[in-house]
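Novice:
In the numbering used here, the protein residues as written are 91 to 303.
1) Using CA coordinates, which residue listed in 223, 214 and 256 is at the minimum distance from residue 150?
2) Measuring alpha carbon to alpha carbon, tell me which residue in 112, 154 and 278 is nearest residue 290.
3) With which residues is residue 217 paired in a DSSP beta bridge?
4) Just how far apart, CA to CA, sit residue 261 and residue 244?
5) Roughly how many angstroms lie between the CA atoms of residue 256 and residue 241, to the nearest whole one?
6) With a cut-off of 8 Å, do at least 3 Cβ pairs link the region 108-127 to the region 218-231?
7) Among 201, 186, 157 and 216, which one has its Cα closest to the Cα of residue 174?
8) Count the CB pairs spanning the region 127-143 and the region 177-188 that are closer than 8 Å, and state whether there are at least three.
9) Mark residue 265 as exposed unless 16 or more other C-beta atoms lie within 10 angstroms of its C-beta, in which case mark it buried.
10) Given this structure, state the Cα-to-Cα distance separating residue 233 from residue 205, to the nearest angstrom.
11) For residue 269, which residues from the same chain have a beta carbon less than 6 Å from its beta carbon, with the 5 sequence-adjacent residues on both sides left out?
12) Just how far apart, CA to CA, sit residue 153 and residue 166?
13) Distance check for residue 231 and residue 94, CA to CA, integer angstroms please.
14) Which word fits residue 208, buried or exposed, when buried means at least 16 other C-beta atoms lie within 10 angstroms of its C-beta?
15) Would you tell me roughly how many angstroms separate the C-alpha atoms of residue 282 and residue 248, rounded to the nearest one?
16) Nearest-angstrom Cα distance between residue 182 and residue 145?
17) Compute the beta-carbon to beta-carbon distance between residue 155 and residue 162, rounded to the nearest angstrom, for a pair I have assumed lies under 8 Å.
18) Starting from residue 150, trace the alpha helix (DSSP H) in both directions and tell me its first and last residue.
19) Three-state secondary structure (DSSP) at residue 115?
20) Please work out which residues of its chain come closer than 6 Å, Cβ to Cβ, to residue 286, disregarding the five sequence neighbours upstream and downstream, and give them in chain order.
21) Can you look up residue 92 in the DSSP assignment and give me helix, strand or coil?
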């Protein structure tokens with residue numbers, strides 16, 4: 091994994107900046123979960139770990155550690171671990187009439203092609219997800235596998251979904267594809283292993299609000 095291999099001083103600087111950003115949450119929301127704007131996350135990750143910020147390019151890596159050949163997908167969310175990983179709106183005409191296994195196999199091939207193209211473009215040999223999941227009063231940092239979909243082992247889950255949403259697995263991960271949104275989701279369940287949680291205290295924002303009153 092990437093994060094665990096970084097120098098401790100870089101990890102601490104990164105966590106400190108997450109705490110600072112999270113502590114401003116009360117300026118935007120009364121929710122117990124800290125707020126973290128995804129663009130801010132992309133910027134501080136690139137800055138403190140000295141990697142290339144690739145987030146504005148239309149490919150599968152938000153950051154690239156060129157020296158070690160690692161592509162990184164950055165994600166942050168609150169709540170459910172069923173998260174968007176790719177959109178295929180431009181390709182809709184090629185799969186609009188497909189159903190079931192044929193549909194998800196086609197989407198899986200597009201997904202794998204995007205990953206392969208990104209890795210070739212940047213000279214990468216590995217991909218992973220770096221995640222900041224926001225929970226009440228804390229941000230939990232963990233990393234998860236960023237795998238090709240194993241097309242040969244795809245199975246459609248007939249007990250889940252509906253006409254708009256089809257669930258499937260490749261034996262390693264569970265995915266679902268939304269027709270209406272042309273979007274592929276992956277369930278990031280039980281992948282975290284050991285996570286690093288940093289407590290976020292809203293004192294900074296509360297002091298600012300007090301000064302404004």
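A virtual CB, placed ideally from N, CA and C, is assigned to each residue, including glycine.
Specialist: Working from what's here:
1) Per the Cα distances, 214.
2) Of 112, 154 and 278, the smallest CA-CA separation from residue 290 is found for 112.
3) Beta-bridge annotation (DSSP): residue 217 is paired with 161.
4) Their Cα atoms are separated by approximately 7 Å.
5) Each residue's alpha carbon lies about 16 Å from the other.
6) Verdict: yes, contact present.
7) Nearest option by C-alpha distance: 201.
8) Flag = no, the region 127-143 and the region 177-188 do not touch.
9) Counting the other Cβ atoms within 10 Å of the Cβ of residue 265 gives 16 or more, which makes it buried.
10) Answer to the nearest angstrom: the Cα atoms are 17 Å apart.
11) Only 254 meet the Cβ criterion.
12) Cα to Cα, residue 153 sits roughly 14 Å from residue 166.
13) Roughly 11 Å separates the two Cα atoms.
14) Buried.
15) Because the pLDDT of residue 282 is 46, which lies under 50, any placement of that residue in the model is unreliable, and the number read from its coordinates should be weighed accordingly. Going by the C-alpha atoms only, they are around 27 Å apart.
16) For residue 182 and residue 145, the distance between alpha carbons rounds to 24 Å.
17) Taking the Cβ atoms as the reference, residue 155 lies roughly 7 Å from residue 162, within the contact range of under 8 Å.
18) For residue 150, no alpha helix (DSSP H) run applies, since DSSP gives it neither H nor E.
19) Correct three-state label for residue 115: helix.
20) Excluding its 5 nearest sequence neighbours in each direction, residue 286 has C-beta neighbours in its own chain below 6 Å: 231, listed in chain order.
21) Coil, per DSSP.
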